[in-house]
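Data block below; observations after.
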């Protein structure tokens, strides 16, 4: 055990420390705002250091309590985990800034910031977990804190969304837990690296495949793939925009992360499951895209886009070649940044016009030309107009699909891209170009036009920050491509992961 | 419930139950018990007191809002996990032990402080929930 591995705890423990600190500041919501912003800035710094260390020195691992793997609780940071922890912290910072300006005092008094921090801790924990039961525990932490964040404030719409969200996610957890139990019964271990070693000589291959399918079902529900995705559009528009942004950027991606991790490390032998995944990806791409087509509320449009674009990542996993995995990972990085930004954008539009209905919106470009240009960045990055960020991973995925002769999958991806283009073009025309009047706003109701400049800056800054990140992903695509190819090579050859955990 | 028997009994039961909860907490490292169960027993002691004497009296008895036990306990558990990193450079949550067992309590180490942290979190969480429900009922 090297001492460098210890650093792995830093991003995780810091999130925990920050959450406890925020709990101590329960009644001081003014202090909570600043503590959250500066704390998440520090968290981003720690995550960057972790990322750089893994980039230079390869995968790190550490055993909590010093109990050796496969018995102890293992934390592992390979390139994939470190990248996602970095992205989580970046989204965390953006959302903390945005929340400081936008979330109502009522919600802050009910402990909004501490719970948000627990959610971010759960996400970082899930990305770093090195054994499958701990992965489950982190998922539970994520669900519980996200449930509080959905319901906090107690509006009717929120409670309705929360019931759908919670029921289906608990069901997914139960399936996930059952799959873990089966796997433990077969192999006698829960450590991911140890599972990867022992998976090869399991006698009961049929039961092993059943547990693989159950993992796919459990994580699939959590990442909102066809057919059990309906809970997502039904609940993601309910909470405040800042909360939806974390959910949109990270919650479904945790499911995708777990799928990619498990199906590249443990269940790799069965071609049937990848074939099955391919079909699911096709249906997800199609239904998500068509679902977005008929929506009027822009937050619901974006919710269906989450479903639709999860299909790209699942498609990458289904093709399961090195370029396809690189494409899936690249897409994931792009998607996390853009989807979070889209929901922040929807929240900003709501602050300006007090509606999210496309029919009622309009004329934003005439009124706020510079702001509209900023908002165009995430919107058109999502479509993937070259050279913006969505373009490059799609190229990798389509090329990998053609190479592997998955023509139907490629067709579905192209159709989904096309649908995205149509919908975003229509949204742009409706919301920004169409003639529209600013609504009658009661003075002092707290909407954007009569906010003080400092608060306006706090609202726009995170959107600009994430837009810059998307531009970076788009214009410096070779950096991201290099990173995702390295991740893909680590994923397709798990030996380095296993070596990092088992001495 | 305003019966004189319950009110009188609860005054004696409160310290007894609290003592019992500490016993369970200390017993927990190798035997059944520990911070979670101990915390529940302690919470029950206060709930019983609240049933007999009314919520306001229990509040004055506690002095601080039970919610504050949660960050307190979390901080204690966090520090007990952090101690081995700071003192010996071993991983988070490694056991640090003092030399020689104490009479009646046994060997004291960082796991005990972790458990005490859990004890406080459980008291805080259960009392906050129950008090809030009682208030709104």
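Protein chains in written order, with our numbering: chain D, 8 to 510; chain A, 991 to 1127. Note that beta-carbon positions come from the ideal geometry of N, C-alpha and C, so glycine has one too.
Between the C-alpha atoms of residue 1086(A) and residue 93(D), what's the straight-line distance to the nearest angstrom? Taking the second chain and counting its residues from 1, the one referred to as residue 1086(A) is at position 96. Taking the first chain and counting its residues from 1, the one referred to as residue 93(D) is at position 86. Rounded to the nearest angstrom, the two C-alpha atoms are 32 Å apart.
Can you tell me whether residue 189(D) is helix, strand or coil according to DSSP? Position 182 of the first chain holds residue 189(D). Helix.
Residue 1115(A): first and last residue of the uninterrupted alpha helix (DSSP H) it sits in: The residue labelled residue 1115(A) in the question sits at position 125 within the second chain. Residue 1115(A) -> alpha helix (DSSP H) spans 1100-1126.
Any beta-carbon of chain A closer than 7 Å to the one on residue 510(D)? Stepping through the first chain from its first residue, residue 510(D) is reached at position 503. For residue 510(D), not one C-beta of chain A is nearer than 7 Å to its own C-beta.
Should the stretch 272-285 of chain D be called in touch with the stretch 145-160 of chain D, which here means at least 3 C-beta pairs below 8 Å? Output reads no: the stretch 145-160 of chain D does not touch the stretch 272-285 of chain D.
For a cutoff of 7 Å on Cβ pairs, would you count residue 1022(A) as touching chain D? As a working note, residue 1022(A) is residue 32 in the second chain. No, residue 1022(A) lies away from the interface with chain D (no Cβ there is under 7 Å from its Cβ).
Straight-line gap, residue 138(D) to residue 219(D) (C-alpha atoms, nearest Å): Translated into the one-based positions of the first chain, residue 138(D) becomes position 131. Translated into the one-based positions of the first chain, residue 219(D) becomes position 212. Spanning the two alpha carbons is a distance of roughly 16 Å.
Kindly indicate if chain A contains any beta-carbon less than 7 Å away from that of residue 195(D). Numbered from 1 along the first chain, position 188 holds the residue referred to as residue 195(D). With a threshold of 7 Å between beta carbons, residue 195(D) makes no contact with chain A.
Flag this pair as yes or no: are the beta carbons of residue 97(D) and residue 43(D) separated by less than 7 Å? Against the first chain, residue 97(D) aligns to sequence position 90. Against the first chain, residue 43(D) aligns to sequence position 36. Here residue 97(D) is not near residue 43(D), since their CB atoms are 7 Å or more apart.
Under 7 Å Cβ-Cβ, which residues of chain A neighbour residue 73(D)? The residue you call residue 73(D) lines up with position 66 of the first chain. By Cβ distance, chain A contributes 1080, 1081 and 1084.
Residues from the stretch 206-219 of chain D in contact with chain A, defined by Cβ distance under 7 Å: Nothing from the stretch 206-219 of chain D brings a Cβ to less than 7 Å from some Cβ of chain A.
Assuming contact is defined by CB atoms lying nearer than 7 Å, are residue 248(D) and residue 350(D) in contact in what I supplied? For the purposes of this step, residue 248(D) is identified with residue 241 of the first chain, where counting begins at 1. For the purposes of this step, residue 350(D) is identified with residue 343 of the first chain, where counting begins at 1. It is a contact, given that the beta carbons lie within the stated cut-off.
Is residue 22(D) helix, strand or coil when you go by DSSP? In the first chain, counting from the first residue as 1, residue 22(D) sits at position 15. Looking at residue 22(D) - three-state DSSP - the assignment turns out to be helix.
Could you give the distance in angstroms between the alpha-carbon of residue 1114(A) and the alpha-carbon of residue 358(D)? As a working mapping, residue 1114(A) is identified with position 124 in the second chain. As a working mapping, residue 358(D) is identified with position 351 in the first chain. Cα to Cα, the separation comes out at about 37 Å.
Helix, strand or coil: which one does DSSP assign to residue 155(D)? Position 148 of the first chain, counting from 1, holds the residue named residue 155(D). DSSP places residue 155(D) in helix when its eight states are reduced to three.
Taking residue 239(D) as the query, report the chain A residues whose CB atoms sit under 8 Å from its CB, ordered along the chain. Translated into the one-based positions of the first chain, residue 239(D) becomes position 232. Near residue 239(D) there are no residues of chain A at all, since even the closest Cβ is about 29 Å away, more than 8 Å.
Anything in chain A within Cβ reach of residue 30(D), meaning under 8 Å, just list it in chain order. One-based indexing of the first chain puts residue 30(D) at position 23. Within chain A, the residues whose beta carbon sits less than 8 Å from that of residue 30(D) are 1060, 1061 and 1064, listed in sequence order.
The alpha helix (DSSP H) that contains residue 39(D), what's its start and end? Position 32 of the first chain, counted from the first residue, corresponds to residue 39(D). Annotation for residue 39(D): the continuous alpha helix (DSSP H) segment containing it runs 36-64.
Counting only runs that start and end within the stretch 55-120 of chain D, where is the alpha helix (DSSP H) found for 4 or more residues in a row? Counting whole runs of 4 or more residues, the stretch 55-120 of chain D contains the alpha helix (DSSP H) stretches 86-109 and 112-116.
With 16 as the cutoff for other CB atoms within 10 Å, does residue 165(D) come out buried or exposed? In the first chain, counting from the first residue as 1, residue 165(D) sits at position 158. Buried, by the Cβ-count rule.
Are the C-beta of residue 140(D) and some C-beta of chain A separated by less than 7 Å? For the purposes of this step, residue 140(D) is taken as residue 133 along the first chain, with counting starting at 1. For residue 140(D), the answer is no, since every Cβ of chain A falls outside 7 Å of its Cβ.
Out of 262(D), 13(D) and 416(D), which has the shortest C-alpha to C-alpha gap to residue 146(D)? Translated into the one-based positions of the first chain, residue 146(D) becomes position 139. Among 262(D), 13(D) and 416(D), the Cα nearest to that of residue 146(D) belongs to 262(D).
From the beta carbon of residue 9(D), is the nearest beta carbon of chain A less than 7 Å away? Along the first chain, one-based indexing puts residue 9(D) at 2. For residue 9(D), the predicted structure reports a pLDDT of 47, less than 50, and the residue's modelled location is therefore unreliable. A value from the coordinates is still provided. It does not; no Cβ of chain A falls within 7 Å.
Pull out every residue of the stretch 1048-1059 of chain A whose Cβ sits closer than 9 Å to any Cβ of chain D, in chain order. Those would be 1055, 1057 and 1058, in chain order.
From this set, 360(D), 330(D) and 397(D), which residue's C-alpha is nearest residue 342(D)'s C-alpha? Against the first chain, residue 342(D) aligns to sequence position 335. Of all alpha-carbon atoms in 360(D), 330(D) and 397(D), the one lying nearest the alpha-carbon of residue 342(D) is that of 397(D).
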